[in-house]
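Here the structure is laid out as structure tokens; the discussion comes afterwards.
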Amino acid sequence: MKQAISINVNGVDHHDEVEPRLLLVHYLRDLLALTGTHIGCETSICGACTVLLDGQAVKSCTMFAVQANGDNITTIEGLAANGSLHPVQEGFWEKHGLQCGYCTPGVIIAAAQLIDRNPDPSREEIRHGLEGNLCRCTGYQHIVEAVEYAAKKTAAGE
Amino acid sequence: MSKYVGQRIKRTEDPRLIKGLAHYVDDVRLPDTLHVAFVRSIYAHARIAGIDVTEALKASGVVAVYTGEDIATKVGPVPCAAALPDLKVPDYRVLATDKALFVGHPIAAVVATDKYLARDAVDLISVDYEELPVVVDVESAASGGPVIHEKFGNNIAYTLTSGEGDIDAAMNAADHIVKQRMVHQRLAPIAMEGRGVLARYFPGEEELTLWSSTQIPHLMRTQVALMIGLGEHKLRVITPEVGGGFGSKLNVYAEEALLSWISIQLGKPVKWIESRRENMQATIHGRAQVGTVEVGCKNDGTITGLRYNVFADLGAYHQLLTPAIPTLTGLMLSGAYRIPAIQMNVTGVFTNKMSTDAYRGAGRPEATYVVERAMDIVAAELKIDPVEVRRKNFPAKDEFPFHVATGLDYDSGDYEAALDKALDLSGYAKLREEQTKARAEGKIIGIGMSSYVEICALGPSQAMPAGGWESATVRIEPTGKVTVMTGTSPHGQGQETSFAQIAADELGVDLHDVTVIHGDTAIVQYGIGTFGSRATAVGGTAVLIAIQKLKEKAAKIAAHILQCETSGLCFEGGRYSRQAAATNTGVSEPVVPVGEAPAGALPEPDTEGRSTLTIQEIALIAHIAKELPPDTEPGLSATYFFEPKNFTFPFGTHICVVEIDKETGETKFLRYVAVDDCGKVINPLLVDGQIHGGIVQAIGQALYEEVVYDEQGQLVTGELMDYAIPRASQLPWFELDRTETPSPVNPL
Numbered sequence: 000m001k002q003a004i005s006i007n008v009n010g011v012d013h014h015d016e017v018e019p020r021l022l023l024v025h026y027l028r029d030l031l032a033l034t035g036t037h038i039g040c041e042t043s044i045c046g047a048c049t050v051l052l053d054g055q056a057v058k059s060c061t062m063f064a065v066q067a068n069g070d071n072i073t074t075i076e077g078l079a080a081n082g083s084l085h086p087v088q089e090g091f092w093e094k095h096g097l098q099c100g101y102c103t104p105g106v107i108i109a110a111a112q113l114i115d116r117n118p119d120p121s122r123e124e125i126r127h128g129l130e131g132n133l134c135r136c137t138g139y140q141h142i143v144e145a146v147e148y149a150a151k152k153t154a155a156g157e
Numbered sequence: 000m001s002k003y004v005g006q007r008i009k010r011t012e013d014p015r016l017i018k019g020l021a022h023y024v025d026d027v028r029l030p031d032t033l034h035v036a037f038v039r040s041i042y043a044h045a046r047i048a049g050i051d052v053t054e055a056l057k058a059s060g061v062v063a064v065y066t067g068e069d070i071a072t073k074v075g076p077v078p079c080a081a082a083l084p085d086l087k088v089p090d091y092r093v094l095a096t097d098k099a100l101f102v103g104h105p106i107a108a109v110v111a112t113d114k115y116l117a118r119d120a121v122d123l124i125s126v127d128y129e130e131l132p133v134v135v136d137v138e139s140a141a142s143g144g145p146v147i148h149e150k151f152g153n154n155i156a157y158t159l160t161s162g163e164g165d166i167d168a169a170m171n172a173a174d175h176i177v178k179q180r181m182v183h184q185r186l187a188p189i190a191m192e193g194r195g196v197l198a199r200y201f202p203g204e205e206e207l208t209l210w211s212s213t214q215i216p217h218l219m220r221t222q223v224a225l226m227i228g229l230g231e232h233k234l235r236v237i238t239p240e241v242g243g244g245f246g247s248k249l250n251v252y253a254e255e256a257l258l259s260w261i262s263i264q265l266g267k268p269v270k271w272i273e274s275r276r277e278n279m280q281a282t283i284h285g286r287a288q289v290g291t292v293e294v295g296c297k298n299d300g301t302i303t304g305l306r307y308n309v310f311a312d313l314g315a316y317h318q319l320l321t322p323a324i325p326t327l328t329g330l331m332l333s334g335a336y337r338i339p340a341i342q343m344n345v346t347g348v349f350t351n352k353m354s355t356d357a358y359r360g361a362g363r364p365e366a367t368y369v370v371e372r373a374m375d376i377v378a379a380e381l382k383i384d385p386v387e388v389r390r391k392n393f394p395a396k397d398e399f400p401f402h403v404a405t406g407l408d409y410d411s412g413d414y415e416a417a418l419d420k421a422l423d424l425s426g427y428a429k430l431r432e433e434q435t436k437a438r439a440e441g442k443i444i445g446i447g448m449s450s451y452v453e454i455c456a457l458g459p460s461q462a463m464p465a466g467g468w469e470s471a472t473v474r475i476e477p478t479g480k481v482t483v484m485t486g487t488s489p490h491g492q493g494q495e496t497s498f499a500q501i502a503a504d505e506l507g508v509d510l511h512d513v514t515v516i517h518g519d520t521a522i523v524q525y526g527i528g529t530f531g532s533r534a535t536a537v538g539g540t541a542v543l544i545a546i547q548k549l550k551e552k553a554a555k556i557a558a559h560i561l562q563c564e565t566s567g568l569c570f571e572g573g574r575y576s577r578q579a580a581a582t583n584t585g586v587s588e589p590v591v592p593v594g595e596a597p598a599g600a601l602p603e604p605d606t607e608g609r610s611t612l613t614i615q616e617i618a619l620i621a622h623i624a625k626e627l628p629p630d631t632e633p634g635l636s637a638t639y640f641f642e643p644k645n646f647t648f649p650f651g652t653h654i655c656v657v658e659i660d661k662e663t664g665e666t667k668f669l670r671y672v673a674v675d676d677c678g679k680v681i682n683p684l685l686v687d688g689q690i691h692g693g694i695v696q697a698i699g700q701a702l703y704e705e706v707v708y709d710e711q712g713q714l715v716t717g718e719l720m721d722y723a724i725p726r727a728s729q730l731p732w733f734e735l736d737r738t739e740t741p742s743p744v745n746p747l
């Protein structure tokens, strides 16, 4: 039995009928074709599927689409505003914060929330803040530098 | 002075990745795609007495169900490319036929219109298993126990002895002989993107396109074509974005061939995206060696010989290179040292587990661990500093090329320089003082070090199962833009950038005028792929030489138009000039400038009375082909297949300081210093990234990771909840430096 849902994703309202068991990540990827959100573990360990739900970083692989009914979601595709990169995206590019890029959208989303909550994080706070995201390529050091870059850039812009 | 090579250039592949606009296999969406889900064995060893698919076939959305019996005569076995003397090679069918040999062994495939429905139908298939005795432990499997492949009579796949020198004499000449049991636990590669396959058959053209998350598109095309009996020229393999490999995608798996075959049967696209659980069960594992190292030394620390007796846990079947991996361990057992006699005796053993194969280093880190442990136990035995034992046994830099008793010739090295730099950077002497003080206070502080050598740039074809060369095509288009096609298949290493750096410098063009294409067998000439630390050293060299070939032709055209001999030309900043008078050291102006309004039509080449021509103008002249010298082919492109003369042997020293909590046993990093020498560096930013990633996978092995099977062969570490790869908060700040020793065997 399908259920009607209304979700705002990246500023656009969507009205769909979905099965109650449809995972949010599959809703975003398969119905809305927003394939930037990835699936890495299906058990909310790796964080590749992280999106912002009403400004909060959540793992979309362990949440049903119907649970997000009425909410606002930001995915990696919606992070850049007016065509210019989000400071975290810029930091990842500048500091080589990614290699294969698969975990990257999730890490960027988590880092965006991190800076939002703590505009001047220490390296330790950055590492702690990204505990819910696994990366197998980079060894995290360039990711930490990318987030530092983004924090500085954000502070300078304000 | 290079404009691009050697610079910290940020990657050209990044914008699509950071915006979420890149396409991995699962992001490729085709209309009418069917989805595949697998029934996988829940037992490590069982006879399959029957499979009932009746209910599944009736289920909503199900289009077809296939079992081993259906495909036994239709799809060939999973290939093994490793050739060893008297190697036993079991028949590895893409779906289990009579027996299941490991947990996760595919038994049946369900095809449905939706992935949820395919998954539902899997639960409706009932498999009648008759459990058989299981053998999990490698040493038990070698010494008897239940036989996995009855026709072989035992579980020994092969035995092999390698090395040079008289090992018995070397041990007799030693003042001390020390022994150590070495356990290299089984690891899972854990690429963040698991495997994924999308196969689309075009019934009209009788052609198949296979999207696969792989490191070896061309080798896969050849192998899958053979497995399903399709002409290789009718099969196109595309590797879109690949979310990490670490060796796990240097393989040809059952699923790739099976989905290809299913797509032909059904005439529709079929997709399978591996779940993490499947990835833990049925993607290759790494390491899994258990052995004993025995090392002989003189009183002053001089090593006389090293023997390593080892059981290699191969798993139930051979994947592409399974039995060959331990032989790479044998090749690297001299490490960074002069060891007159070396012997490895390896026994490859079948167990009721997933196959092992190439994982991050593939047999070579095992050797480094063995040799470096040996150095440490010698130091402990002789009560001398581990640094001094290493220094004592290094070959000097003027002794290269240096022959070692594993049969290899190391190309170049200055091991002492890297060691000294690491000691300096870490403040080693002071660290030892601090350690002594801290220990007196009851703290547990350890200082570990490793002076490694790695066999890289795999490699000369003589030493490789299926060719060790690499290919490149470089083409300058009529508008002056440059297309580079590489036979390598980058998946995070950044060769779209580093190869563009090489091309832009060699051609004197802007970096953004170069695009690097890879991973599509319909576009790119045959290549070998990305593994064995080879892509830049072998594939990058192919790019370099292809450009040199292209420039020979460009020079002929330039000389013709500029009315001089090619010997009278000077090439600088992308520009051919009649005399060596050119002062332009920048990059050439493109024929069609970037960022301007579209021209709408190609400009006419302006060749009247010119004394200089850019290489991009020459490309236009070569395509319009009205002013070419006699007997010159139109167009401006060159292809080169580079065959390396030897491997390369990068090296370095890493020093790590840790504190272990007495109460909890938790290990905390205090320092990590790494000095690496990979020869000439094309992009330091990317090299640092590769080193960071390598260090962390090593830390994972040392502290956190192990694939655990219980005595019944059940996979205990079946998810990322149980298999712990390192997190950001568990790691120290790495202090990196490098030395740069050129390789005499590589033109780059």
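Note that the protein sequences, when read in sequence, are chains G and D. The opening residue of the first sequence carries number 0 in numbering that gives the first Met the number 0; numbering runs sequentially from there. The opening residue of the second sequence carries number 0 in numbering that gives the first Met the number 0; numbering runs sequentially from there. We treat Cβ as the ideally placed atom computed from N, Cα and C, and that holds for glycine.
- For residue 271 of chain D, none of the residues of chain G pass the 8 Å Cβ criterion, the least Cβ distance being about 14 Å.
- At a C-beta separation below 9 Å, residue 143 of chain G has these neighbours in chain D: 727 and 732.
- Close CB contacts of residue 206 of chain D within its chain, under the 8 Å cut and outside five residues either way in sequence, are with 200, 233, 234 and 235 (chain order).
- Exclusion of the five residues before and after residue 447 of chain D leaves 655 as the residues of its chain whose Cβ lies within less than 6 Å of its Cβ.
- Assignment of residue 181 of chain D by DSSP, reduced to helix, strand and coil, places it in the strand class.
- In this structure, G:24 is the residue among G:139, G:115 and G:24 with its C-alpha nearest to the C-alpha of residue 58 of chain G.
- In this model, residue 160 of chain D and residue 85 of chain D are separated by some 13 Å (Cα to Cα).
- Look at residue 100 of chain G: its C-beta is under 7 Å from a C-beta on chain D.
- Ranked by Cα distance from residue 346 of chain D, the options D:309, D:362, D:228 and D:497 are led by D:309.
- One alpha carbon belongs to residue 517 of chain D, the other to residue 241 of chain D, and they sit about 12 Å apart.
- Per DSSP, reduced to three states, the secondary structure at residue 560 of chain D is helical.
- Of the other Cβ atoms in all chains shown, 16 or more fall within 10 Å of the Cβ of residue 576 of chain D; this residue is therefore buried.
- Residue 260 of chain D carries a helical assignment under DSSP once its states are collapsed to helix, strand and coil.
- Residue 601 of chain D counts as exposed, since fewer than 16 other beta carbons sit within 10 angstroms of its beta carbon.
- 7 Å or more divides the Cβ of residue 65 of chain G from the Cβ of residue 112 of chain G.
- Residues are counted here when their Cβ sits less than 8 Å from a Cβ of chain D; for the stretch 80 to 114 of chain G these are 84, 88, 91, 92, 93, 95, 97, 98, 99, 100, 101, 102, 103, 104 and 107, given in chain order.
- Within 10 angstroms of the beta-carbon of residue 732 of chain D lie fewer than 16 other beta-carbons, which makes it exposed.
- Chain order gives no chain D residues near residue 67 of chain G, where near means a beta carbon separation below 9 Å; the closest approach is about 18 Å.
- By the CB criterion at 7 Å, residue 258 of chain D and residue 182 of chain D fall outside the cutoff.
- Per the Cβ contact rule, the stretch 639 to 653 of chain D is in contact with the stretch 456 to 466 of chain D (3 or more Cβ pairs under 8 Å).
- Contact of residue 243 of chain D with chain G is assigned, a C-beta pair being separated by under 7 Å.
- Closer than 7 Å to the CB of residue 247 of chain D there is not a single CB belonging to chain G.
- Residue 550 of chain D carries a helical assignment under DSSP once its states are collapsed to helix, strand and coil.
- Note on residue 631 of chain D: under 16 other CB atoms within 10 angstroms of its CB, so exposed under the neighbour-count rule.
- The Cβ atoms of residue 531 of chain D and residue 10 of chain D lie no closer than 7 Å to each other.
- For residue 260 of chain D, same chain residues with a beta-carbon under 6 Å away, outside a window of 5 residues either side, are 74 and 227 in chain order.
- Residues of chain G whose Cβ lies closer than 7 Å to the Cβ of residue 274 of chain D are, in chain order, 41.
- Judged by their CB atoms, residue 506 of chain D and residue 623 of chain D are not nearer to each other than the 7 Å cut-off.
- Within chain D, 728 have C-beta atoms less than 7 Å from the C-beta of residue 127 of chain G, given in sequence order.
- DSSP lists no beta-bridge partner residue for residue 171 of chain D.
- For residue 64 of chain D, the enclosing beta strand (DSSP E) has its first and last residue at 61 to 66.
- Ranked by Cα distance from residue 238 of chain D, the options D:25, D:738, D:647 and D:534 are led by D:25.
- Interface criterion not met: the Cβ of residue 46 of chain G is under 7 Å from no Cβ in chain D.
- Within the stretch 358 to 412 of chain D, the complete alpha helix (DSSP H) segments of 4 residues or longer fall at 363 to 381 and 385 to 392, listed in chain order.
- Contact check for residue 453 of chain D and residue 649 of chain D: beta-carbon distance about 5 Å, within the 8 Å limit, so the pair qualifies.
- When DSSP states are grouped into helix, strand and coil, residue 271 of chain D belongs to the strand group.
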